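Asker: This structure is in structure tokens; I'll ask about it shortly.
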DNA sequence: CCCTGATTCGC
DNA sequence: GCGAATCAGG
């Protein structure tokens with residue numbers, strides 16, 4: 002399908018009305034949203050009414066600011082009790098697991114000081130899309146506190162999942 | 001995973 | 001000029 006006068010006309014109109022590229026593509030037919038966007042750009046009418054863009058930040062080399070914000074919160078009594086009933090955690094040679102080398106199926110429980118050289122992750126098998134291995138999942142996802150202390154509950158006992166590098 | 005626009009580049 | 005592929009982001 003070619004961009005005839007009429008079609009370009011309608012494109013301009015719809016775009017000006019604020020329809021998205023995909024909406025325009027669907028309405029006009031014969032073109033994909035990519036085609037629409039491409040045309041919009043070539044017509045020089047990109048950027049609609051005052052979205053107030055921050056400034057050309059598009060497509061810049063992205064610095065991975067994925068600084069591990071993990072904290073090795075000291076284990077609290079409640080956690081310790083859980084710990085007691087769990088099988089010992091076999092120590093993998095995990096000192097090399099860094100935020101960038103850890104796999105999606107590896108436990109991301111932080112070990113050590115994030116600011117330290119030897120900071121690493123547990124690294125044991127983490128299944129079901131969980132960020133932690135079975136062992137650490139039990140620490141991370143503490144059962145709901147008994148309705149008794151409901152009121153004073155808060156502070157999720159431990160480290161929040163490290164955001165996997167997507 | 002759904003969507004958005006932006007950019008690149010072979011055609 | 002065109003638009004699919006790809007990217008970056010919401």
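Residue numbers (the numbering used here): 2 to 167. Beta carbons: idealized from backbone N, C-alpha and C, even for Gly. Given the structure is predicted, the values throughout are model-derived calculations rather than measurements.
Buried or exposed, going by whether 16 or more other CB atoms sit within 10 Å of the CB of residue 124?
Answerer: Counting from 1 along the first chain, the entry for residue 124 is found at position 123. When all chains shown are included, residue 124 counts as buried.
Asker: Just to confirm my understanding: we take residue 38, look at its own chain, exclude 5 residues before and 5 after, and list those with CB closer than 7 Å. What are they?
Answerer: In the first chain, counting from the first residue as 1, residue 38 sits at position 37. If we look at residue 38 and ignore the five residues flanking it on each side, its Cβ neighbours are 22.
Asker: In angstroms, rounded to a whole number, what distance separates the CA positions of residue 35 and residue 26?
Answerer: Looking up residue 35 in the first chain gives position 34. Looking up residue 26 in the first chain gives position 25. Each residue's alpha carbon lies about 8 Å from the other.
Asker: Roughly how many whole angstroms lie between the Cα atoms of residue 126 and residue 118?
Answerer: Stepping through the first chain from its first residue, residue 126 is reached at position 125. Stepping through the first chain from its first residue, residue 118 is reached at position 117. Straight-line Cα distance between these residues: approximately 23 Å.
Asker: Quick one: using the 10 Å Cβ neighbour count with 16 as the cut-off for buried, is residue 137 buried or exposed?
Answerer: Within the first chain, numbered from 1, the residue matching residue 137 stands at position 136. Buried is the call here.
Asker: Can you grab the Cα-Cα spacing for the pair residue 44 / residue 17, in whole Å?
Answerer: On the first chain, position 43 is the one that residue 44 refers to. On the first chain, position 16 is the one that residue 17 refers to. Cα to Cα, the separation comes out at about 12 Å.
Asker: Closest by CA to residue 129, which one among 19, 105, 113, 122?
Answerer: Here residue 129 is taken as the residue at index 128 of the first chain, counted from 1. Of 19, 105, 113, 122, the residue nearest in Cα terms is 105.
Asker: Kindly give me the distance between the Cβ atoms of residue 13 and residue 46, rounded to whole angstroms, as I take these residues to be in contact under 8 Å.
Answerer: Residue 13 sits at position 12 when you count from the first residue of the first chain. Residue 46 sits at position 45 when you count from the first residue of the first chain. At roughly 7 Å, the Cβ-Cβ gap stays under 8 Å, so residue 13 and residue 46 are in contact.
Asker: Is it buried or exposed for residue 121, if we count other Cβ within 10 angstroms and need 16 for buried?
Answerer: Translated into the one-based positions of the first chain, residue 121 becomes position 120. The residue in question, residue 121, is buried, as its Cβ has 16 or more Cβ neighbours within 10 Å.
Asker: Alpha carbons only, please: which of 6, 107, 48 is nearest the one belonging to residue 19?
Answerer: As a first step, residue 19 must be located in the first chain, where it is residue number 18. Taking only the C-alpha atoms, the option nearest residue 19 is 48.
Asker: Does the Cβ of residue 9 have 16 or more other Cβ atoms within 10 Å, making it buried, or fewer, making it exposed?
Answerer: Position 8 of the first chain holds residue 9. Exposed: under 16 other Cβ atoms inside 10 Å.
Asker: For the alpha helix (DSSP H) containing residue 14, list its first residue and its last residue.
Answerer: Here residue 14 refers to the residue found at position 13 when the first chain is read from its first residue. From DSSP, the alpha helix (DSSP H) with residue 14 extends over 6-17.
Asker: DSSP three-state label for residue 24, please.
Answerer: By 1-based counting over the first chain, the position of residue 24 is 23. Reduced to three states, the DSSP call for residue 24 is helix.
Asker: Please report the straight-line C-alpha distance between residue 33 and residue 2, rounded to a whole angstrom.
Answerer: Mapped onto the first chain, residue 33 falls at position 32. Mapped onto the first chain, residue 2 falls at position 1. Answer to the nearest angstrom: the Cα atoms are 11 Å apart.
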